[in-house]
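Colleague: Structure provided below as structure tokens; questions to follow.
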Amino acid sequence: MENTAMFCFQCQETAGNTGCTKNGVCGKTAKTANLQDMLMYVTKTLCEAAVHARRQGIAVDGGINRYVNLNLFTTITNANFDDGVFMARIKQSLAFKKELLAKLGDVSSLSVHALWHAESEEEIMQKARTVGILSIENIDIRSMKELIAYGLKGLSAYLKHAAALGYEDENLYVFMQESLAMLLQDADLDKLIAHAVKTGEMGVQAMALLDKANTETFGHPEITKVNIGVRNRPGILISGHDLADLEELLEQSKDSGVDIYTHSEMLPAHYYPKFKKYAHFAGNYGNAWWKQTEEFEKFNGPVLLTTNCLVPPKASYKDRLFTTGCAGFSGCRHIAGEYAKDKDFSEIISLAKTCAAPTELEQGEIIGGFAHNQVLALADKVVDAVKQGLIKKFVVMAGCDGRQKSREYYADFAKALPKDTVILTAGCAKYKYNKLDLGDIGGIPRVLDAGQCNDCYSLAVIALKLKEVFGLEDINDLPLAFNVAWYEQKAVIVLLSLLYLGVKNIHLGPTLPAFLSPNVAKFLTEQFGIAPITDVENDLRILL
Ligand code: SF4
Ligand code: SF3
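If you're matching positions, the sequence shown starts at 0 in numbering that gives the first Met the number 0 and goes up one per residue.
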């Protein structure tokens, strides 16, 4: 392994678009990065034991399935910065593995990794420095293995949200564990490529499961105008993606005299019928995750992070920042509980009552709620508009937002799109163009927001339906272009899912992932037509 304090290149903002080596651009320290590598390693070894157990007919407890899943989610970019959490999860994972190994009769076919054990933190930290990404020497194998690992991290996020609502699919957990165990072994490139596409298939299944969980629990998203101004009572700001946590917070705070506002990826909660019954569900405050240091400060009241994306907090609001679930930051209060129903938000609610009302950032409304059910209800109107030539093209501009200046490209691209194009979006990428007043086409808004990043599933359902309505053989024959922005690992599972669905010619930006080696990037270009963005004018020409 090269002698760097850490090595991480899992997100789009990685240093120099090659890798963070001293500390993370995200704010992660080298120690946290090493602990995350170690947690990934130990989780893979636990999975190897679990795979062997199942082969021997020994049942693996559902608690282990969920634990493995949450280990992955905890290492997603901007989820958790608390070294204590990582160390505890490493130790617990080793303990689970020890229990499983004790149940196995013959362990001779297990790898040295699966049989590795340590109790002391010193030994764990020592090992952590040897199991990072650079320990895989072949850069193409490293690239493919990390592509799969990041896809699995994205998958874990969506499985966690589904599980929070009581929806689980054992097959998806088993796939995840078999994949993680496989990543410990030597594998050739062809096998890894096939496995990446398989991961995409599982991504579609996971997003379908989450879609079912969300819509059966909260109803189908519907066209909704969301207030982006503020009221005059104190508020609680909730961010991240966990709708179960939001529901519980709304329930526990309903008669408390405080309002609940969403931030970033929690915005789409407003589109669900079930949340509309809460009179104190006031609106959406602010923009995408990376603006939080400024916006949380101005919010004045407590903030609850249910998942990524958390930015290391400023002292000005650190004492009113709370985390729950996979999110964590050392020194911030964490609300415990595996399921939302076990969580007690009273401390947050009491604190809110002592705070000033939020400072107004803006006024007005934004519109969203165009998930598959709502769009399909409008299908006739949409199809007519296409047939009459009023809509010439749909452009999928889903994915993530981020700090880099180069992401202004997406606002410029949205503004430069001809008036007869419609943007389909999901994820926090939308904040680059959802307040631009891009108008409508015969009553159909030019920005159709389906929801969170996981609701990219909705976009796929819509595309497949349009393919059917227009009697087309191939999804790529639709008047549909993809100009996707990525940042963290959920975007990786969405990308693999699109590849599995046969979508070609996706433009990806603002940069191609640093974890794609030149050979792997070349392969993705040749096989799937994946290309980096260039400039607005050129990309308009290519995509339209
Ligand atoms: Fe760097 Fe991104 Fe890794 Fe953070 S998550 S250390 S910014 S590559
Ligand atoms: Fe955003 Fe993190 Fe990716 Fe859910 S909140 S899309 S970046």
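Using N, Cα and C, we set each Cβ at its ideal position, and we do this for glycine too.
As the structure is a computational prediction, the values presented were derived from the model and not from experiment.
Applying the criterion that 16 or more other CB atoms from any shown protein chain within 10 Å of the CB defines a buried residue, is H371 buried or exposed?
Modeller: buried
Colleague: Which partner residues does F280 have in the DSSP bridge list?
Modeller: Answer is I259.
Colleague: As a quick exercise: from N475, L249 and M37, pick the residue whose alpha carbon is nearest that of K340.
Modeller: L249
Colleague: Note the first and the last residue of the continuous alpha helix (DSSP H) segment covering A484.
Modeller: It is not in any alpha helix (DSSP H) - A484 instead sits in the beta strand (DSSP E) that spans L479 to A484.
Colleague: Taking Q91 as the reference, give the member of T292, A117, L109 and T323 with the closest Cα.
Modeller: A117
Colleague: With distance defined between alpha-carbon atoms, name the residue in N482, I63, L304 and D439 nearest to L242.
Modeller: L304
Colleague: Quick check on this structure: which residue in L389, Y430 and V381 has the alpha carbon closest to the alpha carbon of R402?
Modeller: Y430
Colleague: For F224, does the three-state DSSP call read helix, strand or coil?
Modeller: The amino acid occupying residue 224 in the given sequence is Lys; Phe does not appear at that position. The answer is strand: DSSP assigns K224 an E or B state.
Colleague: What whole-angstrom Cβ distance do Y409 and M396 have, given they're in contact under 8 Å?
Modeller: 7 Å
Colleague: The alpha helix (DSSP H) with G202 in it runs from where to where?
Modeller: L188 to F217
Colleague: Can you tell me the Cα-Cα spacing of E525 and L171, whole angstroms?
Modeller: 29 Å
Colleague: Indicate, with yes or no, if the ligand SF3 has a heavy atom lying under 6 Å from the CB of N307.
Modeller: yes
Colleague: Taking the continuous beta strand (DSSP E) assigned at E12, which residues delimit it?
Modeller: E12 -> no beta strand (DSSP E), and no H or E assigned at all.
Colleague: Apply the 10 Å Cβ neighbour rule to R54 and answer buried if 16 or more other Cβ atoms are within range, or exposed otherwise.
Modeller: Looking at its Cβ environment, which holds fewer than 16 other Cβ atoms inside 10 Å, R54 is exposed.
Colleague: Any heavy atom of the ligand SF3 closer than 6 Å to the CB of Y271?
Modeller: no
Colleague: Within the segment 280 to 338, note down every full beta strand (DSSP E) run reaching 3 residues or more, in order along the chain.
Modeller: 280 to 283, 302 to 304, 320 to 323 and 332 to 334
Colleague: Between which two residues does the alpha helix (DSSP H) harbouring K434 extend?
Modeller: Careful: K434 lies outside any alpha helix (DSSP H) and carries neither H nor E.
Colleague: Between P509 and A520, what straight-line distance do the alpha-carbon atoms span, to the nearest angstrom?
Modeller: Looking at the two C-alpha atoms, the distance is approximately 15 Å.
Colleague: Starting from F393, trace the beta strand (DSSP E) both ways and give me its first and last residue.
Modeller: That run of the beta strand (DSSP E) goes K392 to V395.
Colleague: In terms of residue numbering, what span does the alpha helix (DSSP H) encompassing H269 cover?
Modeller: DSSP places H269 in no alpha helix (DSSP H); its state is neither H nor E.
Colleague: Between the Cα of L542 and the Cα atoms of L416, S457 and L500, which residue gives the shortest distance?
Modeller: Among L416, S457 and L500, the Cα nearest to that of L542 is on L416.
Colleague: Sorry if obvious, but does the Cβ on E264 come closer than 6 Å to a heavy atom of the ligand SF4?
Modeller: Relative to the ligand SF4, the beta carbon of E264 is positioned no closer than 6 Å to any heavy atom.
Colleague: Among residues of its own chain, excluding the 5 on either side of E364, which ones have a beta-carbon nearer than 7 Å to its beta-carbon?
Modeller: K224, V225, N226 and I227
Colleague: Verify whether the separation of the beta carbon atoms of L245 and A268 is less than 7 Å.
Modeller: yes
Colleague: Using beta-carbon positions only, say whether M206 and Y277 come within less than 7 Å of one another.
Modeller: No, the pair does not count as a contact, with Cβ atoms beyond the cut-off.
Colleague: If I measure Cβ to Cβ from I461 and keep anything under 6 Å in the same chain, skipping five residues before and after, which residues do I get?
Modeller: H371 and V374.
Colleague: Is the closest heavy atom of the ligand SF4 to the C-beta of E145 under 6 Å?
Modeller: no
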